[in-house]
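Numbering (our numbering), first residue to last: 18 to 387.
Heads up, the beta-carbon is just placed ideally off N, CA and C, and yes, glycines get one too.
All values derive from a computational prediction rather than experimental measurement.
Worksheet: the structure to be examined is printed underneath.
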Amino acid sequence: MMNVIVVGAGIVGSSIAYRVAQGGAKVTVLETSRVGAGTSGVSFAWTNSNNKTPRPYHDLNVAGMRAHAALKDEFGSTPWFHQSGSLEWRVDPAEVAAQAKKVERLREWGYAAEFIDKKRLQELEPELAIDAVSDKAQIAFCPEEGWVDPVHYAGAMLRAARQRYGAALKTGVKVTGIETRNGRVVGARDDTGAVHAADLVINCTGRWSNDTVSETAPNVPLAPTVGFLVFTPPVGVDLRRPFHAPDVDVRPDGAGRLMIRKDSLDDRFAGLESRLPDCEEAKIALASATELLPGLAGVEAEAVRTTVRPIPADGLSTVGPARGVDGYYVVVTHSGVTLSPFLGQAVADEVLRGRERPELAQFRPSRFQA
Ligand SMILES: Cc1cc2nc3c(=O)[nH]c(=O)nc-3n(C[C@H](O)[C@H](O)[C@H](O)COP(=O)(O)OP(=O)(O)OC[C@H]3O[C@@H](n4cnc5c(N)ncnc54)[C@H](O)[C@@H]3O)c2cc1C
């Protein structure tokens with residue numbers, strides 16, 4: 018039986034652990050903190066291929082969206098997945114033109130995307146202040162998009178991996194490198210010096226991927242960016258799906274909470290600076306959201322979070338074996354929420370069955386290796 022170590026219990030690691038365990042390997046997940054402690058715990062988590070280019074990257078994201086929907090057949094219920102559709106409107110003429118071009122391309126590529134009028138927008142979102150949406154707005158609706166509770170999802174995958182297929186999850190284990198013999202992986206070393214034996218180590222530590230293997234395996238060059246998110250307390254506002262208005266994105270976040278993002282605020286953060294919920298940035302984000310959702314009047318932020326997007330240097334996913342070390346495989350990607358269930362299947366096919374997945378051909382770590 019192949020002995021596999023998955024490092025990192027975020028949405029990517031949990032998806033891969035589940036499928037690799039299902040495929041018959043002995044799987045151990047090593048996690049330094051807790052399930053969903055990393056970027057997966059602080060993500061807008063919109064399942065989409067709304068603006069993903071080039072075509073292979075679009076197709077990969079569509080495969081992720083389909084894989085999320087397909088989990089329902091396997092799990093019976095998937096309470097972490099909300100295939101609600103999503104809305105986007107643009108008013109600035111240059112943005113309107115770009116959106117028109119994008120929607121045309123998406124439709125050519127067979128993606129469900131349509132323009133709707135303000136009347137339909139109001140039907141879809143009855144609590145939206147429709148007069149606050151400009152009459153010049155061009156409104157797109159993508160009915161197959163949605164959003165995920167990433168930590169809930171990761172927990173469910175790991176529970177299924179353990180209960181159905183005997184996988185193990187070890188938290189409080191910080192991996193500091195891979196252990197090799199004659200160029201082959203024999204295990205993962207942790208910060209106490211202990212070596213966890215393995216035939217294959219799959220590094221799923223996202224933004225920490227290079228720290229995790231330090232000097233012992235090839236690095237994936239990263240170009241991370243910081244994201245800032247604002248969370249309301251439970252509110253009596255019936256928002257049914259994510260919307261992307263000019264410089265403000267809002268989505269439901271469960272139990273009546275809303276999550277708010279404002280692109281222009283991300284520039285205020287040079288790194289992982291912490292803020293308090295009553296910070297100026299939270300007030301600005303809430304004010305933008307309240308213009309469109311008047312039911313938010315008087316609501317203050319319950320929490321704010323800054324986090325880092327795990328983005329490979331060219332913006333595209335990195336999935337595959339690293340050249341030069343047999344038995345070491347790395348997965349680091351933005352859009353990880355969308356992609357995860359598909360990556361789980363595809364990585365299991367590659368590492369267990371030796372079937373190279375053509376969908377991953379453009380995304381190999383070797384593109385960064387001389
Ligand atoms: C603001 C923001 C908005 C986003 N919006 C979207 C979106 O709308 N749609 C979408 O699809 N994606 C989105 N993303 C991206 C998505 O959230 C990430 O791609 C995804 O969460 C990455 O998951 P991961 O499992 O690779 O990494 P993580 O969730 O970071 O998991 C890595 C895990 O590894 C553990 N770890 C780290 N180092 C070690 C070590 N040495 N040893 C053991 N364990 C270790 C960490 O504790 C963590 O649990 C967004 C990201 C951000 C920041």
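Checklist entry - For SER66, which of LEU47, GLY189, PHE98, PRO160 has the nearest alpha-carbon? => result Nearest of LEU47, GLY189, PHE98, PRO160 to SER66, Cα basis: PRO160.
Next on the checklist: Run through the DSSP bridge pairs and tell me what TYR128 is partnered with.
Outcome noted: In DSSP, TYR128 forms no bridge with anything.
Next on the checklist: Using only the alpha-carbon positions, how far apart do LEU333 and HIS351 sit?
Outcome noted: When rounded, the distance between both Cα atoms is 7 angstroms.
Item to check | LYS396, buried or exposed, once every other Cβ within 10 Å from all chains shown has been counted against 16 | outcome: In this structure the chain extends from 18 to 387, so residue 396 is not present and cannot be described.
Next on the checklist: If you reduce the DSSP assignment to three classes, tell me which class GLN100 lands in.
Outcome noted: Coil at GLN100, not helix or strand.
Checklist entry - Quick one: does the C-beta of THR233 sit closer than 7 angstroms to a heavy atom of ligand 1? => result For ligand 1, not one heavy atom lies less than 7 angstroms from the Cβ of THR233.
Checklist entry - Can you find a C-beta in chain D that's less than 8 angstroms from the C-beta of PHE98? => result The chain inventory of the structure shown lacks chain D, comprising one protein chain alone.
Checklist entry - From what residue to what residue does the alpha helix (DSSP H) around GLY194 run? => result Membership of GLY194 in any alpha helix (DSSP H) is not indicated; the residue belongs instead to the beta strand (DSSP E) covering 192 to 198.
Next on the checklist: Starting from ARG36, trace the alpha helix (DSSP H) in both directions and tell me its first and last residue.
Outcome noted: In the DSSP assignment, ARG36 falls within the unbroken alpha helix (DSSP H) covering 28 to 39.
Checklist entry - According to DSSP, which residues form a beta bridge with PRO329? => result Answer is LEU239, bridged to PRO329.
Checklist entry - With respect to 7 angstroms, is the separation between the Cβ of HIS75 and the closest non-hydrogen atom of ligand 1 below this value? => result No, ligand 1 has no heavy atom inside 7 angstroms of this Cβ.
Item to check | Residues near ALA38 in its chain [Cβ-Cβ closer than 6 angstroms; skip 5 each side] | outcome: Exclusion of the five residues before and after ALA38 leaves VAL44, ALA178, TYR182, ALA184 as the residues of its chain whose Cβ lies within less than 6 angstroms of its Cβ.
Item to check | GLN362 - containing alpha helix (DSSP H), residue span | outcome: Segment 353 to 370, the alpha helix (DSSP H) holding GLN362.
Checklist entry - Using the C-alpha atoms, what's the distance from GLY344 back to THR233? => result Between the alpha carbons of THR233 and GLY344 lies a distance of about 13 angstroms.
Checklist entry - Under 8 angstroms between the Cβ atoms of THR355 and GLY81? => result Yes; because the gap between Cβ atoms is below 8 angstroms, this pair is in contact.
Item to check | Those residues which DSSP pairs with TRP63 across a bridge | outcome: Secondary-structure assignment with DSSP links TRP63 through a beta bridge to TRP164.
Checklist entry - Using the beta-carbon count (16 or more within 10 Å), is SER383 buried or exposed? => result So SER383 ends up on the exposed side.
Next on the checklist: Is it buried or exposed, LYS136, if we count other Cβ atoms within 10 angstroms and call 16 or more buried?
Outcome noted: By the neighbour-count rule (16 or more Cβ atoms within 10 Å), LYS136 is not buried but exposed.
Checklist entry - What is the rounded straight-line gap between the Cα of GLN305 and the Cα of GLU290? => result For the sequence presented, residue 305 should be read as Ser rather than Gln. Distance between the alpha carbons of SER305 and GLU290: 22 angstroms.
Checklist entry - Going by beta carbon distance, what residues of the same chain come within less than 6 angstroms of SER357, once the five residues before and after it are set aside? => result Cβ-Cβ distances below 6 angstroms link SER357 to ILE28, VAL29, SER32 in the same chain, with the five nearest sequence neighbours on each side left out; the list follows chain order.
Item to check | DSSP-derived helix/strand/coil call for VAL52 | outcome: DSSP, read as helix, strand or coil, puts VAL52 in coil.
Item to check | ARG83: first and last residue of the uninterrupted alpha helix (DSSP H) it sits in | outcome: For ARG83, the uninterrupted alpha helix (DSSP H) run begins and ends at 72 to 92, by DSSP.
Item to check | Among ASP270, TYR170, ALA130, the one whose alpha carbon lies nearest that of PRO250 | outcome: Measuring from the Cα of PRO250, the nearest candidate turns out to be ASP270.
Checklist entry - Of all the beta strand (DSSP E) runs that stay within the bounds of the stretch 238 to 290, which reach a length of 3 or more residues? => result List check, beta strand (DSSP E) in window: 242 to 248, 260 to 262, 265 to 269, 275 to 278.
Item to check | Unbroken beta strand (DSSP E) run spanning ILE156, endpoints | outcome: Taken as a continuous stretch (DSSP letters only), the beta strand (DSSP E) holding ILE156 covers 155 to 159.
Next on the checklist: Do ARG36 and VAL316 have their beta-carbon atoms positioned less than 8 angstroms apart in this structure?
Outcome noted: The Cβ atoms of VAL316 and ARG36 lie no closer than 8 angstroms to each other.
Next on the checklist: Tell me whether ALA185, by its Cβ, gets closer than 7 angstroms to a heavy atom of ligand 1.
Outcome noted: At a cut-off of 7 angstroms, the beta-carbon of ALA185 does not count as near ligand 1: no heavy atom of the ligand is closer than that.
Checklist entry - Anyone know if the C-beta pair for VAL348 and ILE219 falls short of 8 angstroms? => result Yes.
Checklist entry - Using 8 angstroms as the Cβ pair cut-off and three pairs as the minimum, do the stretch 95 to 111 and the stretch 153 to 168 touch? => result Touching, per the Cβ criterion.
Next on the checklist: Buried or exposed for GLU121, going by 16 or more other Cβ atoms inside 10 Å?
Outcome noted: GLU121 is exposed by the Cβ-count criterion.
Item to check | Own chain, CB closer than 7 angstroms to GLN362, minus 5 neighbours either side, in chain order | outcome: Result list for GLN362: ARG36, ALA84, in chain order.
Item to check | Beta-bridge pairing of PRO338 - partner residues as DSSP gives them | outcome: DSSP, once it has assigned bridges, lists TYR346 as partnering PRO338.
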